[in-house]
Structure formats: C-alpha cells, structure tokens
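The numbering of the sequence shown is my numbering, which starts it at 1051 and goes up by one.
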Amino acid sequence: MLTELDMSSWAKGEVEPVDIGKEYEPVAKPLSVLASKKPKDIIYPLDNQLYLGDSIPVLQTWPDNFFDACVTDPPYNIARNRKGLSWAFSSHVTIEDDWDRFTSSQYEKFTETWLEEICRVTRENGNIFVFGSYHNIYTIGSIAARMDLRVVNSIIWAKPNAQPNITCRMFTESTEQILWLCNNTSKKAKKWTYNYQHMKELNGGKQMRNYWEIPLTPQREKTHGKHPSQKPLRLMERLVLAGTNPGNRVLDCFAGSGSTLLACDRLERNWVGIEKDPVYCDIAHKRLEEERRQRRLFPVSP
Ligand SMILES: C[S@@+](CC[C@H](N)C(=O)[O-])C[C@H]1O[C@@H](n2cnc3c(N)ncnc32)[C@H](O)[C@@H]1O
1051 MLTELDMSSW AKGEVEPVDI GKEYEPVAKP LSVLASKKPK DIIYPLDNQL
1101 YLGDSIPVLQ TWPDNFFDAC VTDPPYNIAR NRKGLSWAFS SHVTIEDDWD
1151 RFTSSQYEKF TETWLEEICR VTRENGNIFV FGSYHNIYTI GSIAARMDLR
1201 VVNSIIWAKP NAQPNITCRM FTESTEQILW LCNNTSKKAK KWTYNYQHMK
1251 ELNGGKQMRN YWEIPLTPQR EKTHGKHPSQ KPLRLMERLV LAGTNPGNRV
1301 LDCFAGSGST LLACDRLERN WVGIEKDPVY CDIAHKRLEE ERRQRRLFPV
1351 SP
C-alpha cells in the first residue's frame, strides 16, 4: 500500500516503482514466433517476454487460464485511404498504417477472435481492460455483450492537451475509452480485483472516479522511437495498479511500444507481450531495458 506519494523523484509516471532497488536483470530480447505446424501443440509463454508475431495464431497455442489479467490496446480501425488531410487522432501523428486498416466485417471478425482468445487464456474472473475510441468501442462492447461478459466499468481517458480539430465541423475529439470486463458471464462474475483503497489514496483520499484527466504521452517517453498511438505511462500505471496485484501475470497482445509491459515491470507484475511489428518490438525492448537500468541508478536508500 502507498504511504506517501513523492512524485518529484520519479517524474516518469504516476507512482514510484514498488521496488526501485531490485537487482538489475537484463530484459530478454523479443522472441520471434511462427504459428505452430501442429495446431494442438500447447506452448507455455515465458514471463517477462515480448513475442514478435501475430497475436491470434500465437494466442491459439497458449494454455487456458494462464494470465491473471489482460490490458490491451487493439487496432482502432481508423486508418483510411485518404487523399489530402489524414486522420490524426491520439497525438500529433496520423494512423495510416496497414495494421489499422480493415473493412467493418473483417474488423468484427478480428475483434471477436482475439477477444475470445483473451478470455480463454485469462483466468475466470480475471480483469480484461480494452482501449478504444468512439470509432471501435461500440463494436468491441457489442461483441462483449454477445459473449455475455460482465462489464465492470468503462473509463474515460480525457486528454487536456488534445490536438485541435482541423476541420472545424465537429467537437474536438479529446477522449478515449477503456472497457473494463470481468472474465465471466454477467451473472456469475465475482471477486474481480479492484484495489479500491490504493485508488482512493492516489485520488487524495476521495473515491476514484472513472473520468481520468491525463495528458498525452510526453516526449520524454518517446526517446527510443515513436509509435502513433503510444499511451502515457501514467495511464497504464493507474490501470495496472487498480486491476492487478504484484506478482500477477499480465498479458498485452497488442503491445506496440510496450507501455503496458513497462508499467507492469515497474510495478512488479509479470508481463507477457505480443507485437507483430519488429520496429515497435525494438522500441518496447529499449524502453524496458532503460527502465531497469534506471532502477540501478536510483537505488533505495538503506
Ligand atoms: C493501438 S497500438 C498499441 C499501442 C500501445 N498501447 C503503446 O502504448 O505503444 C496496436 C498495436 O497492435 C499491433 N498489432 C496490430 N495487429 C496485430 C496482430 N494481429 N498481432 C500482433 N500485433 C498487432 C500494431 O502493430 C500496433 O503496434
């Protein structure tokens, strides 16, 4: 439990790491995985390992009930083949990458497949946090409803420094949503992890609300390379703190630049990531390495 928050000494995120004095251990390099030739082979993923590969076939080889929780930020399907102005979303960059381009029916099928796989590999009543925006969160929500998953909350991430709307034809988009699911049916869901007291302390002694004002990812978190939808560490830390416990095993199957993994590493949760782009895997690996090296530079005073 947190006693006193001193953010000045650890300006990167919201909280201090649980054990800043932990011995330095290098982060394993991303491991490339190919789909198994025998689909029935079960492979046990390693803790604190990022896998380079396509989430769905990779998840399909992993065992049931293996993770305590999943925190993930899937493609939003907002990339378009546009001429002229590109769609700019969560920061001053555009998402025009192929990983984010689907037809509606492809996107539904893709979402249903990964959500089913996440539910299978996460333990019963484990937390599942899924990021989205108004473009895709209703699709994800309707698939979750069809699967009869319990929705615990949806969290609004409000960006006080969101970029202006260049078309001037609508309100400036300045929020994203995080759907919080419990891995069970709406009737049977119980005892999901919620670190109520911890959240209350972080919120100055008042109950934490589901509206979180957190600025866009600061430049200092992008020193190892840019990802078009990199989430701020402060946001990821709050989710990890709220919905998991130290020692838990947490999955992010759309790891990007590794923000979920970094928050887990800092807060003593075991993490496993999957990311299909080697450039993003490399950024994630460098960020994790730097995090662990910094711990060595700032040991806890005896
Ligand atoms: C919205 S971004 C995640 C960003 C991440 N939260 C961060 O802070 O950097 C989604 C990521 O999923 C990856 N991706 C898309 N489809 C994938 C798939 N089928 N398997 C694995 N990764 C995938 C993309 O390359 C992209 O990096």
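Just so it is clear, CB atoms sit at the ideal spot from N, CA and C, and this is done for glycine as well.
Since the model is a prediction, treat every value here as computed from it, not as a measurement.
May I have a chain-ordered list of the beta strand (DSSP E) segments no shorter than 3 residues that lie completely inside the region 1164 to 1188?
-> 1172 to 1182
Identify the continuous beta strand (DSSP E) that holds C1120 and give its terminal residues.
-> Note, C1120: beta strand (DSSP E), F1117 to T1122.
Status (buried if at least 16 other CB within 10 Å, exposed otherwise) for L1153 = The displayed chain sequence assigns Thr, not Leu, to residue 1153. Per the 10 Å Cβ criterion, exposed.
Give me the Cα-Cα distance between S1254 and R1219, rounded to the nearest whole angstrom.
-> Before going further, note that residue 1254 is Gly rather than Ser in the sequence given. Distance between the alpha carbons of G1254 and R1219 is about 38 Å.
For I1228, which residues of its own chain have a beta-carbon under 6 Å away from its beta-carbon, when the five flanking residues on both sides are left out?
-> F1179, F1181 and I1205
Anyone know if the C-beta pair for M1286 and V1121 falls short of 9 Å?
-> yes
DSSP on Q1110, reduced to helix/strand/coil?
-> helix
For K1209, count neighbouring Cβ atoms within 10 angstroms of its own Cβ and tell me buried if that reaches 16, exposed if not.
-> buried
Please specify which runs of the alpha helix (DSSP H), each continuous and at least 4 residues long, are wholly inside the region 1280 to 1327, giving them in chain order.
-> 1283 to 1293 and 1309 to 1316
Can you name the start and end residues of the beta strand (DSSP E) that Y1261 belongs to?
-> Residues Y1261 to E1263.
C-alpha gap between R1288 and K1250, whole angstroms | 12 Å
Starting from the C-beta of N1320, find all residues in its chain whose C-beta is less than 8 Å away, skip the five residues before and the five after it, and write them out in chain order.
-> D1097, N1098, G1297, N1298, R1299, V1300 and C1314
Near N1016, which residues of its chain fall below 6 Å by C-beta distance, leaving aside the five closest residues on each side in sequence?
-> This structure cannot settle anything about residue 1016, because the visible part of the chain is limited to 1051 through 1352.
With a CB to CB cut of under 7 Å and the five nearest residues on each side skipped, what residues in its chain are close to K1256?
-> K1250
Mapping DSSP to helix, strand and coil, what is C1232?
-> strand
Do you know how far the Cα of A1119 is from the Cα of N1245?
-> 14 Å
Alpha-carbon spacing of L1102 relative to S1307, whole angstroms | Taking the straight line from one Cα to the other gives about 12 Å.
Report the residue from P1124, L1081, D1148 and S1224 whose alpha carbon sits nearest the alpha carbon of E1158.
-> P1124
What runs of the beta strand (DSSP E), each 3 residues or longer, lie entirely inside the region 1195 to 1232?
-> 1199 to 1208
State yes or no: is the C-beta of P1328 within less than 9 Å of the C-beta of P1107?
-> no
What does DSSP give as the partner residues of Y1330 in its beta bridges?
-> DSSP output for Y1330 lists no bridge partner at all.
Report the residue from S1155, C1232, E1167 and A1305 whose alpha carbon sits nearest the alpha carbon of T1189.
-> S1155
Beta-carbon proximity list for N1131, same chain, < 7 Å, skipping 5 on both sides = Legend: pLDDT at N1131 = 48, less than 50; position of this residue unreliable, value from coordinates given subsequently. Counting only residues of its own chain and dropping the five nearest sequence neighbours on each side, N1131 has no CB closer than 7 Å to any other CB.
Coarse secondary structure for N1131, derived from DSSP in three states = Because the pLDDT at N1131 is just 48, under 50, the model does not fix this residue reliably, and the value given afterwards should be weighed accordingly. In the displayed model, N1131 falls within coil according to three-state DSSP, outside both helix and strand.
State the DSSP-derived secondary structure class of Q1257, mapped to helix, strand or coil.
-> coil
Cβ atoms of F1304 and S1082: under 9 Å apart, would you say?
-> no
CB H1248 to CB A1292, shorter than 9 Å?
-> yes
Check whether the Cβ of A1305 sits closer than 8 Å to any heavy atom of ligand 1, and report yes or no.
-> yes
Closest Cα partner of P1282 within the set P1076, N1260 and L1311 | L1311
Compare the Cα-Cα distances from R1337 to each of R1170, Q1280, K1326 and V1290 and report the closest residue.
-> Q1280
Residue burial classification, N1260 (beta-carbon count within 10 angstroms, cutoff 16) = Counting of Cβ neighbours within 10 angstroms places N1260 among the exposed residues, the total staying below 16.
Applying the criterion that 16 or more other CB atoms from any shown protein chain within 10 Å of the CB defines a buried residue, is R1346 buried or exposed?
-> exposed
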